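Scroll down for the structure; my scribbles are underneath it.
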Amino acid sequence: MQLSDLKKYYAVIFLTFIVMVSVSLLGLTYNLTEEQIKRQEHEQFLAHLTKIFPDMDDFEFENDIYTLYDNGDLEGYAFFASTPGYSGEIKIMVGLANKETIKGIVIISHTETPGIGTRITEPPFISQFEGMAIDLVSSEIDTLTGATISSKAVIEAVSKMAMEKVALLD
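Residue numbers for the sequence shown follow our numbering, beginning at 366 and rising by one.
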């Protein structure tokens, strides 16, 4: 190969080298931060659980359902639900006191309109679920004026998923 032939391939060789270095650095960064990311996700998960079940000290996981315990006694069940809202996906953690009653819900993430759709995260709406019989959720929980789509989506997701998960517990 002559020097003129190498000049033709210089850009390709140089870009290939840059890509290889970049991919290696990206992989190294992922490996260095993976454990910390998992730990933070677990801490967030526990924080959401303790909002609904403050006395919970242990849990088991099966069929996408968390069975929660307090000093060995059954405290309740928890699971995740998600639904499309007005502006995007709404992720919810639902806690059941038993197979018939909702203990509470936590909106984990959403992209709803600030000041309007975000009211689905506030106590006037969220607290309606506490102590509500699962079979009454879709008919007894009030939607939010101005955030009807978002609140209705949460209500329907909680009702549907609670019924599905309770069926798995039997």
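All residues carry an ideal CB built from backbone N, CA and C; glycine is no exception.
Note that the coordinates shown come from a computational prediction; the quantities given were computed from them, not determined experimentally.
- A Cβ-Cβ distance of about 11 Å is found for the pair I455 and F445, leaving them out of contact under the 8 Å criterion.
- With respect to the 9 Å criterion, G480 and V471 are not classified as neighbours on the basis of their beta carbons.
- Burial is judged here by how many other beta carbons sit within 10 angstroms of a residue's own beta carbon; I417 has at least 16 and is buried.
- Contact between the region 494-501 and the region 516-528 is present: 3 or more CB-CB pairs across the two stretches fall below 8 Å.
- Taking C-beta separations shorter than 6 Å and ignoring five residues to either side along the sequence, the partners of A462 in its chain run G441 and K468, following chain order.
- The residues H475, T476 and E477, in chain order, have a CB closer than 8 Å to that of G453 in the same chain once the five nearest residues on each side in sequence are set aside.
- When the Cα atoms are used, I378 and R404 turn out to be separated by approximately 40 Å.
- Per the C-alpha coordinates, the member of I506, F426, G450 and Y395 positioned closest to L533 is F426.
- Sequence-distant Cβ neighbours of I520 in its own chain, meaning closer than 8 Å and more than five residues away, are V502, S503, I506 and T508.
- Secondary structure of T466 (DSSP, three-state): strand.
- The distance from the Cβ of A518 to that of T448 is about 5 Å, consistent with a contact at the 8 Å cut-off.
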